[in-house]
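Take a look at the structure set out below.
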Amino acid sequence: MTDTKALARAEWRRHWPLVLAASFAFSFTSVMTASTGLFIEPWTKEFGWSRTLLSSGMSITSVTTFLFSPVFGVLIDRMGTRRMALPGLVLLAATMASLSLLDGSVWMWFAVWTVYAAAALATKSTVWTAGVASAFDAGRGLALGLTLSGSAFAQALTPPLTNWLINEFGWRMALVWLGLGWGGLAILLCAFLLFDGYDASRKARAASGEAPSSKALLADAPGLSIPEAWRSVALWRIAISTFVIMVVTIALVVHQIPILQSIGVDRTAAAYYAGMAGLAGVAGKLVTGWLLDRYPARWVGGVTLAATALTFVLLLVPNRTMPIIFTAMFINGYAAGTKLQIAGYLTSAYGGMKNFGAIFGTMASLIAAGSGLGPLLGGYVFDRYGTYDPYLWIGIVGTLISAALIFGLPDYPEWVKRPHAAGKAPQPA
19 MTDTKALARA EWRRHWPLVL AASFAFSFTS VMTASTGLFI EPWTKEFGWS RTLLSSGMSI
79 TSVTTFLFSP VFGVLIDRMG TRRMALPGLV LLAATMASLS LLDGSVWMWF AVWTVYAAAA
139 LATKSTVWTA GVASAFDAGR GLALGLTLSG SAFAQALTPP LTNWLINEFG WRMALVWLGL
199 GWGGLAILLC AFLLFDGYDA SRKARAASGE APSSKALLAD APGLSIPEAW RSVALWRIAI
259 STFVIMVVTI ALVVHQIPIL QSIGVDRTAA AYYAGMAGLA GVAGKLVTGW LLDRYPARWV
319 GGVTLAATAL TFVLLLVPNR TMPIIFTAMF INGYAAGTKL QIAGYLTSAY GGMKNFGAIF
379 GTMASLIAAG SGLGPLLGGY VFDRYGTYDP YLWIGIVGTL ISAALIFGLP DYPEWVKRPH
439 AAGKAPQPA
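Counting in my numbering, the sequence shown runs from 19 upward without gaps.
What follows is the structure, given as structure tokens:
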């Protein structure tokens, strides 16, 4: 245990700039999602567009992510994260700013969002997860937690910042400031600080005189080949668990305001609870990261996902009091902040780093599919039954299935050199 702690400290001394850059860049990739709702009103007033059309931009991004994430995952393995992230961030910033040039043309709207979707593929969570996982081993859990907290930071800061920018400068300049301001800083941080295991491998090959090849940059790292990954029962369990938990929890995130209103919470209080859930998500990432570095991931992940079922149970309790609702939203926010983190950590442990980009890229497709299907499920249940209660029962079953799949994972592969690699908790130092 002492050796593990020493190794983790050494990793942090060497690679904290990487985590800083990756976390801030990941926050930027969430800005458009978190701010779009604030642009709907001015866009509707100026162009007379329907809500369906205005919602199509994010739909284009989700479909593109689902279809092409595995391909971009393979490119990460071949090119490394830096060569993907920097051009992607530049294109993402430019595309976001270019929305300020909208003139009412529907074809222009679709064209800009198609380019945005391509840029988003090059800057999705797979890129930042791969970069951090390639540099950290003993401290990987906390490093991933801090990196993925960038999205929660953006979700907390973007709405008030965007609202202020629109009020002060108008919606067009607000998009320019968000794209070139926030995006520009992300680009600068990554240009100077984003160096990870992929870059170290490329330099080592160049120093040894090895000619460039088409094989993965981390081809010599422990891990599964692509055919082995497709046959891995552990990876299939992780993939199915991730898809199921995304379906039931993203639906809750999208529909949480009307769900709370349906049980007697007014809109202002519902918004407060939603914001509190976002802050709980940051805590979830950090605490879970700390636990993942010290205890078997199947237990940490399984318990965290199973606890999510309590949210759905509490929302079904008759005569819900404010403390019950507060507890339900806190648990949901805490657990919601850990889904990508747990999926990334488990994928790196059971699939290794040799082809991590390709493997986690496939996971990202399932994450996108679950994120798109979940809100539709919640909406369909309400339209069909006039209440969210059947969906909440589905949520209980879904979270328990997801947790059971993670609990049932086998011991870590032999390449995971941890005190708890055999599934046993480490002894105190």
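Beta carbons are placed, not taken as given, at the ideal position from N, Cα and C, and that holds for glycine.
Of the candidates ALA361, ASP407, THR380 and GLY370, ASP407 places its Cα closest to the Cα of PRO336.
C-alpha of ALA346 to C-alpha of VAL266: approximately 15 Å in a straight line. The alpha-carbon separation between GLY122 and LEU183 amounts to approximately 22 Å. Per the Cβ contact rule, the stretch 84-91 is in contact with the stretch 374-382 (3 or more Cβ pairs under 8 Å). Following the DSSP letters along the chain, one finds MET347 inside the alpha helix (DSSP H) bounded by residues 340-354. In the three-state scheme derived from DSSP, where H, G and I count as helix and E and B as strand, GLY370 is classed as strand.
ASN181 and LEU56 have their C-alpha atoms some 7 Å from each other. For MET264, same chain residues with a beta-carbon under 6 Å away, outside a window of 5 residues either side, are ILE385, GLY388 and SER389 in chain order. For GLU246, the uninterrupted alpha helix (DSSP H) run begins and ends at 244-249, by DSSP. If you draw a straight line from the Cα of THR51 to the Cα of THR365, it comes to about 26 Å. Annotation for TRP127: the continuous alpha helix (DSSP H) segment containing it runs 124-139. Excluding sequence positions up to five before and after ILE58, its CB lies within less than 6 Å of the CB of LEU72, all in the same chain and listed in chain order.
Beta-carbon to beta-carbon, LEU36 and VAL150 are separated by about 7 Å, close enough to satisfy the 8 Å threshold. Cβ neighbours of TRP189 within its own chain (closer than 7 Å, five residues either side excluded): PHE57 and PRO60. Annotation: the continuous alpha helix (DSSP H) that includes PRO105 extends over 100-116.
The residues LEU358, in chain order, have a CB closer than 6 Å to that of SER143 in the same chain once the five nearest residues on each side in sequence are set aside. Membership of PHE171 in the alpha helix (DSSP H) is indicated by the continuous run 158-194.
In the three-state reduction of the DSSP assignment, GLY215 falls in the helix class, which pools H, G and I. Between ARG158 and ARG312, the alpha-carbon positions lie close to 10 Å from each other. ARG338 is the residue among ARG338, VAL321, ALA353 and PRO245 whose C-alpha sits nearest the C-alpha of GLN279. The stretch 102-110 and the stretch 75-83 do not touch, with fewer than 3 CB-CB distances between them shorter than 8 Å.
Contact annotation: ALA239 and MET97 have beta-carbon atoms that are not nearer than 7 Å. Rounded to whole angstroms, the gap between the alpha carbons of THR113 and LEU119 is 10 Å. Only exposed fits LYS63, as fewer than 16 other CB atoms lie within 10 angstroms of its CB. GLY369 and ALA247 do touch by the CB rule: their CB atoms are close to 6 Å apart, below 8 Å.
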